[in-house]
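Peer 1: Handing you this structure, nothing more for now.
Numbering (this note's numbering), first residue to last: 36 to 504.
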């Protein structure tokens with residue numbers, strides 16, 4: 036890194052976004068009525084043997100490298116944490132939803148990496164010799180997260196140890212910060228070095244979320260509209276307390292797209308080219324020290340090496356892999372019913388509990404707000420996939436199911452459709468635009484030349500290459 040020193044971008048130091056107080060959940064469309072979805076309807080759509088159960092593994096692949104599923108999971112853990120709502124509750128009122136605390140900030144601050152910083156969470160950091168460096172590794176594996184004696188990961192969000200891939204994604208961003216921090220030794224005073232490294236790391240991460248992940252998974256027309264539209268976002272705004280709520284249309288529906296892109300098996304490295312999603316033998320279920328032979332080689336999951344083609348995500352559609360339709364005891368409990376073992380069923384129940392509107396009403400609202408979006412609902416072919424016993428859902432479809440069917444039809448399984456894309460862009464780009472210290476607040480900001488790829492393009496694989504250089 037000595038031959039590529041990090042340069043300042045002329046921005047003042049930032050301790051995160053000025054809007055980054057912990058807030059609550061909320062509704063993006065508070066005037067739309069929630070769609071009541073019964074357990075029977077949820078089971079018909081998302082239980083075992085339902086249209087969302089990819090029993091014969093017929094769902095194809097997208098052209099997006101498989102590592103992006105876990106990058107999306109990492110992002111989700113950075114911006115949402117609901118420990119209060121109950122998926123089996125009756126539908127909540129808008130007021131009750133607005134009272135639900137979101138224990139994360141929505142402005143992509145990397146809370147899950149930094150916690151509350153070295154003063155408030157010193158156990159995450161190296162200490163007096165390098166107070167701004169985050170801990171990595173342990174006695175059993177230097178390429179694992181730092182862990183306590185009992186194996187608990189020392190990280191800002193324990194959910195980022197729930198599988199080996201998101202755990203290794205967490206490690207990747209910790210090492211990214213540390214390398215940036217080390218590069219500032221000769222140019223930034225010790226007392227300012229942590230905040231400077233944190234800001235640089237956050238800005239690169241935020242750029243990746245928008246210009247790598249969202250650019251890949253969102254409808255191109257909607258993405259360009261959002262990035263070019265003056266006054267964007269069109270709908271998302273701060274609440275009466277001047278905090279940014281986390282819309283449930285985003286957290287409970289649109290940003291759950293990753294559940295359908297999960298593969299049944301993944302390549303971990305050259306020694307383990309095919310490991311089951313939930314495999315106790317390999318510890319892929321997480322929350323334990325990582326064996327040295329299970330360190331993730333990102334070349335198999337991202338476009339890091341042209342000589343090694345990565346695995347791709349499964350298609351963006353309504354179908355879940357069988358492992359997520361029949362989740363194991365350690366995730367759902369031994370006494371869980373067959374339906375409650377299905378993540379698809381659980382998503383639909385959660386949508387009911389949080390009073391999500393129908394997909395059709397959301398599309399109409401997006402169009403009314405100014406989005407270039409079609410209301411030709413017949414194009415989604417909902418009557419081809421919704422069982423006859425719940426045919427009433429063809430005209431008023433649960434939002435999550437609607438958005439994934441939209442992705443499978445209008446997005447050809449390669450990306451989200453217009454409505455799903457609009458919700459993601461409203462919330463993610465909207466949150467960054469509300470924040471006065473995000474990378475979007477400085478129009479001249481661009482990724483560091485020593486981090487970005489050739490030609491100035493910057494994507495997740497470049498972080499891997501930079502950290503390993």
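Where a beta carbon is used, it is the ideal one built from N, C-alpha and C, also for glycine.
For residue 57, count neighbouring Cβ atoms within 10 angstroms of its own Cβ and tell me buried if that reaches 16, exposed if not.
Peer 2: In the chain shown, counting from the first residue as 1, residue 57 sits at position 22. Exposed, since its Cβ has fewer than 16 Cβ neighbours within 10 Å.
Peer 1: Determine the direct distance from the alpha carbon of residue 268 to that of residue 261, and round the result to whole angstroms.
Peer 2: Residue numbering aside, residue 261 sits at position 226 when the chain shown is read from its first letter. Residue numbering aside, residue 268 sits at position 233 when the chain shown is read from its first letter. Looking at the two C-alpha atoms, the distance is approximately 7 Å.
Peer 1: Pick out whichever of 487, 488, 486 and 467 has its Cα sitting closest to the Cα of residue 478.
Peer 2: As a working note, residue 478 is residue 443 in the chain shown. Ranking 487, 488, 486 and 467 by Cα distance to residue 478 puts 467 first.
Peer 1: Are the CB atoms of residue 383 and residue 434 nearer to each other than 7 Å?
Peer 2: Along the chain shown, read from residue 1 onward, the residue named residue 383 stands at position 348. Along the chain shown, read from residue 1 onward, the residue named residue 434 stands at position 399. Going by C-beta atoms, residue 383 is not nearer than 7 Å to residue 434.
Peer 1: What residues match up with residue 61 in a beta bridge as DSSP calls it?
Peer 2: As a working mapping, residue 61 is identified with position 26 in the chain shown. DSSP output for residue 61 lists 282 as bridge partner(s).
Peer 1: Quick check: the Cα distance between residue 461 and residue 290, rounded to an integer number of angstroms?
Peer 2: Taking the first residue of the chain shown as position 1, residue 461 is located at position 426. Taking the first residue of the chain shown as position 1, residue 290 is located at position 255. As the crow flies, the alpha-carbon of residue 461 is around 12 Å from that of residue 290.
Peer 1: To the nearest angstrom, how far is it from the Cα of residue 339 to the Cα of residue 423?
Peer 2: Working through the chain shown from its first residue, we reach residue 339 at position 304. Working through the chain shown from its first residue, we reach residue 423 at position 388. Spanning the two alpha carbons is a distance of roughly 46 Å.
Peer 1: Tell me whether the beta-carbon of residue 61 lies closer than 7 Å to the beta-carbon of residue 123.
Peer 2: Reading the chain shown from its first residue, position 26 is the one you call residue 61. Reading the chain shown from its first residue, position 88 is the one you call residue 123. No, the pair does not count as a contact, with Cβ atoms beyond the cut-off.
Peer 1: Tell me the rounded alpha-carbon separation between residue 175 and residue 125.
Peer 2: On the chain shown, residue 175 is found 140 positions in, with the first residue counted as 1. On the chain shown, residue 125 is found 90 positions in, with the first residue counted as 1. About 47 Å.
Peer 1: Name the DSSP beta bridge partners of residue 136, please?
Peer 2: The residue given as residue 136 occupies position 101 in the chain shown. According to DSSP, residue 136 bridges with 59.
Peer 1: Comparing C-alpha positions only, which one of 246, 389 and 502 sits nearest to residue 475?
Peer 2: Indexing the chain shown from 1 puts residue 475 at position 440. For residue 475, the nearest C-alpha among the options comes from 246.
Peer 1: Which value, in whole angstroms, describes the spacing of the CA atoms of residue 255 and residue 161?
Peer 2: Reading the chain shown from its first residue, position 220 is the one you call residue 255. Reading the chain shown from its first residue, position 126 is the one you call residue 161. Residue 255 and residue 161 have their C-alpha atoms spaced approximately 43 Å apart.
Peer 1: Going by C-alpha distance, which of 168, 311, 79 and 446 is nearest residue 415?
Peer 2: Taking the first residue of the chain shown as 1, we reach residue 415 at position 380. Distances from the alpha-carbon of residue 415 to those of 168, 311, 79 and 446 put 446 closest.
Peer 1: Report the option in 121, 242 and 69 whose CA atom is closest to the CA atom of residue 110.
Peer 2: By one-based count along the chain shown, residue 110 stands at place 75. Out of 121, 242 and 69, 242 has the C-alpha closest to the C-alpha of residue 110.
Peer 1: Using 8 Å for Cβ pairs, my map puts residue 311 next to residue 299. What's the rounded Cβ distance?
Peer 2: Locating residue 311 in the chain shown gives position 276, where the first residue counts as 1. Locating residue 299 in the chain shown gives position 264, where the first residue counts as 1. About 7 Å separates the two Cβ atoms, so the contact holds.
Peer 1: On the criterion of 16 or more Cβ atoms from any shown chain inside 10 Å, does residue 494 qualify as buried, or is it exposed?
Peer 2: Against the chain shown, residue 494 aligns to sequence position 459. Buried is the call here.
Peer 1: On the three-state DSSP scale, how would you describe residue 304?
Peer 2: Counting from 1 along the chain shown, the entry for residue 304 is found at position 269. In the structure shown, residue 304 sits in a strand (DSSP, three-state: E or B).
Peer 1: Residue 310 by DSSP, collapsed to three states: which one?
Peer 2: In the chain shown, the residue the question calls residue 310 occupies position 275. In the structure shown, residue 310 sits in a strand (DSSP, three-state: E or B).
Peer 1: Does the beta-carbon of residue 141 have 16 or more other beta-carbons within 10 angstroms, so that it is buried, or is it exposed?
Peer 2: Here residue 141 is taken as the residue at index 106 of the chain shown, counted from 1. Under this definition residue 141 is a buried residue.
Peer 1: Tell me which residues share the same chain as residue 139 and place their Cβ nearer than 7 Å to its Cβ, disregarding the 5 neighbours each side in the sequence.
Peer 2: Along the chain shown, one-based indexing puts residue 139 at 104. 113, 114, 115, 116 and 146.
Peer 1: Helix, strand or coil: which one does DSSP assign to residue 445?
Peer 2: Stepping through the chain shown from its first residue, residue 445 is reached at position 410. The answer is coil: DSSP assigns residue 445 none of H, G, I, E or B.
Peer 1: Exposed or buried, residue 239, counting other C-beta atoms within 10 Å across all chains shown (16 or more means buried)?
Peer 2: On the chain shown, residue 239 is found 204 positions in, with the first residue counted as 1. Flag for residue 239 reads buried.
Peer 1: Do residue 428 and the ligand GTP come close, with the Cβ less than 6 Å from some heavy atom?
Peer 2: No copy of the ligand GTP occurs in the structure displayed, which carries no ligand at all.
Peer 1: Determine whether the beta carbon atoms of residue 215 and residue 236 lie at a separation below 7 Å.
Peer 2: As a working mapping, residue 215 is identified with position 180 in the chain shown. As a working mapping, residue 236 is identified with position 201 in the chain shown. In this structure, residue 215 lies near residue 236, with their beta-carbon atoms less than 7 Å apart.
Peer 1: If I follow the unbroken beta strand (DSSP E) through residue 99, where does it start and stop?
Peer 2: Here residue 99 refers to the residue found at position 64 when the chain shown is read from its first residue. Residues 96-100.
Peer 1: Taking Cβ positions, are residue 345 and residue 100 nearer each other than 7 Å?
Peer 2: Taking the chain shown and counting its residues from 1, one reaches residue 345 at position 310. Taking the chain shown and counting its residues from 1, one reaches residue 100 at position 65. Yes, the pair counts as a contact, with Cβ atoms nearer than the cut-off.
Peer 1: Taking the DSSP output, what are the residues bridged to residue 501?
Peer 2: Here residue 501 is taken as the residue at index 466 of the chain shown, counted from 1. Answer is none; residue 501 lacks a bridge partner.
Peer 1: Pairs of beta-carbons, one from the stretch 322-334 and one from the stretch 76-83, closer than 8 Å: are there three or more?
Peer 2: Counting C-beta pairs with one atom in each stretch, the stretch 322-334 and the stretch 76-83 have fewer than three that are closer than 8 Å, which means they do not touch.
Peer 1: Rounded to whole angstroms, how far is the Cβ of residue 201 from the Cβ of residue 105, which I believe are closer than 8 Å?
Peer 2: Position 166 of the chain shown, counting from 1, holds the residue named residue 201. Position 70 of the chain shown, counting from 1, holds the residue named residue 105. Rounded, the Cβ-Cβ distance is 5 Å, consistent with contact.
Peer 1: My output table needs one value for residue 121: the three-state DSSP class, helix, strand or coil.
Peer 2: Indexing the chain shown from 1 puts residue 121 at position 86. The answer is coil: DSSP assigns residue 121 none of H, G, I, E or B.
Peer 1: Please state if the CB of residue 85 and the CB of residue 352 are separated by a distance shorter than 7 Å.
Peer 2: If you number the chain shown from 1, residue 352 lands on position 317. If you number the chain shown from 1, residue 85 lands on position 50. The Cβ atoms of residue 352 and residue 85 do not sit closer than 7 Å to each other.
Peer 1: Where does residue 191 land, buried or exposed, given buried means 16+ other C-beta within 10 angstroms?
Peer 2: Your numbering for residue 191 matches position 156 in the chain shown. Buried.
Peer 1: Would you list the one or two residues that DSSP bridges to residue 169?
Peer 2: For the purposes of this step, residue 169 is taken as residue 134 along the chain shown, with counting starting at 1. In the DSSP output, where bridge partners are listed per residue, residue 169 has 160.
Peer 1: Report buried or exposed for residue 473, applying the criterion of at least 16 other Cβ atoms within 10 angstroms of its Cβ.
Peer 2: Looking up residue 473 in the chain shown gives position 438. With 16 or more other Cβ atoms within 10 Å, it is buried.
Peer 1: Suppose you measure from the CA of residue 303 to the CA of residue 379; what does that come to, to the nearest Å?
Peer 2: Walking along the chain shown from the start, residue 303 turns up at place 268. Walking along the chain shown from the start, residue 379 turns up at place 344. Approximately 26 Å, taken between the alpha carbons.
Peer 1: Quick one: give me the first and last residue of the beta strand (DSSP E) that residue 295 is part of.
Peer 2: In the chain shown, counting from the first residue as 1, residue 295 sits at position 260. It is not in any beta strand (DSSP E) - residue 295 instead sits in the alpha helix (DSSP H) that spans 293-296.
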